[in-house]
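Below: the structure, in structure tokens.
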Amino acid sequence: MSKTPAQKASKTEVIAAKRAAAVTATREAAKAVTADKVVIFDTTLRDGEQCPGATMTFEEKLEVADFLEEMGVDIIEAGFPIASDGDFEAVAAIAKRLKKSVVCGLSRAGMKDIDRAGEAVKHAARPRIHTFISTSSIHIKHKLMKTEDEVLGMVADQVRRARNWCDDVEWSAEDATRTDIEYLIRCVDTAIKAGATTINLPDTVGYATPEEYCQMFQTVRERVANSDKAIFSVHCHNDLGMAVANSLAGLRGGARQIECTINGIGERAGNAALEEVVMAIKTRSDVLPYSTGIKLEMLNRASRLVSAATSFPVQYNKAIVGRNAFAHESGIHQDGMIKNATTYEIMKPESVGVSKTSLVMGKHSGRNAFRSKLKDMGYELGENALEDAFNRFKTLADRKKHVYDEDIEALVDENIATSHDRTKVVALTVIAGTMGPQSATLTLDIEGHHHTTQSTGNGPVDAIFNAIKKLVPHEAKLDLYQVHAVTEGTDAQAEVSVRLSEPIEGKSVTAKAADPDTLVASAKAYIMALNKLMSKRGRLHAQAAG
Ligand code: KIV
Ligand code: ZN
1189 MSKTPAQKAS
1199 KTEVIAAKRA
1209 AAVTATREAA
1219 KAVTADKVVI
1229 FDTTLRDGEQ
1239 CPGATMTFEE
1249 KLEVADFLEE
1259 MGVDIIEAGF
1269 PIASDGDFEA
1279 VAAIAKRLKK
1289 SVVCGLSRAG
1299 MKDIDRAGEA
1309 VKHAARPRIH
1319 TFISTSSIHI
1329 KHKLMKTEDE
1339 VLGMVADQVR
1349 RARNWCDDVE
1359 WSAEDATRTD
1369 IEYLIRCVDT
1379 AIKAGATTIN
1389 LPDTVGYATP
1399 EEYCQMFQTV
1409 RERVANSDKA
1419 IFSVHCHNDL
1429 GMAVANSLAG
1439 LRGGARQIEC
1449 TINGIGERAG
1459 NAALEEVVMA
1469 IKTRSDVLPY
1479 STGIKLEMLN
1489 RASRLVSAAT
1499 SFPVQYNKAI
1509 VGRNAFAHES
1519 GIHQDGMIKN
1529 ATTYEIMKPE
1539 SVGVSKTSLV
1549 MGKHSGRNAF
1559 RSKLKDMGYE
1569 LGENALEDAF
1579 NRFKTLADRK
1589 KHVYDEDIEA
1599 LVDENIATSH
1609 DRTKVVALTV
1619 IAGTMGPQSA
1629 TLTLDIEGHH
1639 HTTQSTGNGP
1649 VDAIFNAIKK
1659 LVPHEAKLDL
1669 YQVHAVTEGT
1679 DAQAEVSVRL
1689 SEPIEGKSVT
1699 AKAADPDTLV
1709 ASAKAYIMAL
1719 NKLMSKRGRL
1729 HAQAAG
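Per this note's numbering, the sequence shown starts with residue 1189, numbered consecutively.
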């Protein structure tokens, strides 16, 4: 029996209604997921790199950016394009190569700044401009020397200008936590009306407490009429050691983006550490009902990579990624751990990529064992880098009875840091002891040619650094020289950190090298730091010439 038109229509309506219900359900489900999803915005390459001595070379920045993308970071703030040609170049290169993560460039409120950021990110698959201006009366009066109304006008202008470059625009109220709340509300309202899609309310000076920070987000989100049109973001500095606690409190206040850095590096006491916020969210999901897209097992490796690139050592007791983070020393704790690991362990070391073994290999270990050891430790090297690291490992194993994980980490990190260096240490002989003056005979490989010289000094390290100055004349000032042992024992490798600064631009770089001979490590660290300074200068000269 055929159906009447009315019956046909009602069947179509039922199908349409079912479809609509399915779409609504899917949207609701998606909303529920996104409501809890926290966007991870990493600013290691911008706020992190901004801190004294943490400068990275162009190649190191690309390597870190690739790693962060692979690790699942949603947004990578790649730099501050107007700050220098080197910054611009790095942001532009990162924008061109990343496919999944949003690539963001920072700018102040000036039109030139914004256009420079726009130029830098314009080739990104997913570009973002992050533009900021101070909103606290302290900053408006003493730094900007403007009126509140003038700044309000600038907020609208800066966001509109950025929107001419891309749809994804973040606006930050610098020093938000010391801003009058009524004025902050007017600024946020203006920024959203002008087209900002993310609103960041930073605790720029690390002054807020968690309760205050949470309250600020709640009030602003409640009082700004169109606040649901933007994602709110936290950005916390660690001056009072509350950056992570404040970031998590911001989520309670309704923020859904966290700005953070690997190892917590950043201006002054640093930023909230990425590894700490994501592991807090993971480990305390009972009270922090959020999720992130970070591949947790890559966290330890991210920490090593950034430490190697910046030559900033990770403090031993640093949460999640410090050397002692999973070490149990006292007898009572060790006893508990043997009986059941949950007695003293709230996270499994493997969950953040820390391997359990410490005594590993010796001089009889072959290439395959070395390769699989590196894989266990989370390193993936290309064939050339692997060969180079293996040769260094063999040399070390000949000199040192036990090669520990920490030795291998130091060796591979140094390999990564020096792979693009133009100048390398070839040979060093030092005469030291009570009968001065101490002297050093040094051979360097400078762009493929060997050069040798001899020098004396007030102590062996001074003699070595004088020899380096003879072969590579420079004006850089030595700001820091530090030695520590990589492992225990008298045959342990010495890890030497050297910080140099440019007399004119004042830029400083840090480099770190390890060797069983402290003096060889000193020479290598100094040369690595010089390479970093020269690679910056070289790039600038090349641009000036081009
Ligand atoms: O700390 C801060 O306020 C910043 C802004 C540029 C976002 O880093
Ligand atoms: Zn900051």
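All residues carry an ideal CB built from backbone N, CA and C; glycine is no exception. Source: prediction; values computed, not measured.
- Taking a cut-off of 8 angstroms for Cβ pairs, the segment 1419-1435 and the segment 1469-1478 do not touch, as fewer than three such pairs fall below it.
- The beta carbon of V1708 is closer than 6 angstroms to those of L1616 in its chain, skipping five residues each way along the sequence.
- In the structure shown, the three-state DSSP call for L1616 is strand.
- For A1702, the secondary structure class from DSSP, reduced to helix, strand or coil, is strand.
- Within 6 angstroms of the C-beta of H1327 there is not a single heavy atom belonging to the ligand KIV.
- With a cut-off of 6 angstroms, the C-beta of D1235 is classified as near the ligand ZN, since at least one heavy atom of the ligand falls inside that distance.
- At least one heavy atom of the ligand KIV sits closer than 6 angstroms to the Cβ of F1320.
- Sequence-distant partners of T1675 (beyond 5 residues in either direction) whose C-beta falls short of 6 angstroms from its own C-beta, in its chain, are Y1592, E1594.
- The way I'd put it, the segment 1270-1280 doesn't touch the segment 1473-1491; fewer than three beta-carbon pairs between them come closer than 8 angstroms.
- For the pair F1229 and Q1445, the CB atoms are nearer than the 7 angstroms cut-off.
- Remark: the shortest separation between the CB of H1423 and any heavy atom of the ligand KIV falls under 6 angstroms.
- Between the alpha carbons of L1562 and K1657 lies a distance of about 36 angstroms.
- In the DSSP secondary-structure assignment, M1549 is bridged to V1591.
- In this structure, the ligand KIV has no non-hydrogen atom nearer than 6 angstroms to the beta-carbon of P1477.
- By the criterion of a C-beta distance shorter than 8 angstroms, R1348 is surrounded in its chain by A1382, G1383, once the five residues flanking it on both sides are discounted.
- With a cutoff of 6 angstroms, S1415 does not count as near the ligand KIV, since its C-beta is closer than that to no heavy atom of the ligand.
- Pairing G1554 with N1459, the inter-Cα distance amounts to about 42 angstroms.
- In the three-state scheme derived from DSSP, where H, G and I count as helix and E and B as strand, S1272 is classed as coil.
- Apart from the 5 residues on each side of it in sequence, Y1504 sits with its Cβ closer than 8 angstroms to the Cβ of G1510, R1511, N1512 in its chain, given in chain order.
- Given a length threshold of 3 residues, each whole run of the beta strand (DSSP E) inside the segment 1425-1511 is given here in chain order: 1445-1448.
- Rounded to whole angstroms, the gap between the alpha carbons of T1706 and T1678 is 11 angstroms.
- In the three-state reduction of the DSSP assignment, E1358 falls in the strand class, which pools E and B.
- Residue state for N1646 is assigned as coil, using DSSP reduced to three classes.
- Secondary-structure assignment with DSSP links H1423 through a beta bridge to P1390, E1447.
- Closest option to G1241, judged by alpha-carbon separation, among V1412, F1500, E1571: F1500.
- For K1551 and V1684, the gap between their C-alpha atoms comes out near 24 angstroms.
- Remark: the shortest separation between the CB of T1631 and any heavy atom of the ligand KIV does not fall under 6 angstroms.
- Taking 7 angstroms as the cut-off, the Cβ atoms of S1295 and V1261 do not count as close.
- About 7 angstroms separates the beta carbons of K1720 and T1243, which is inside the 8 angstroms limit, making them a contact pair.
- Collapsing the DSSP output to three states places Y1669 in a strand.
- CA-to-CA, the gap between Q1406 and A1437 works out to about 11 angstroms.
- Within the same chain, and ignoring the five residues on either side of T1365 in sequence, the residues whose Cβ sits closer than 6 angstroms to its Cβ are D1391, Y1395, A1396.
- Residues of the same chain with a CB within less than 7 angstroms of the CB of G1541, apart from the 5 flanking positions on each side, are E1485, M1486, L1487, N1488, R1489, G1566 in chain order.
- Contact between T1232 and T1449 is confirmed by a C-beta separation of about 4 angstroms, below the 8 angstroms threshold.
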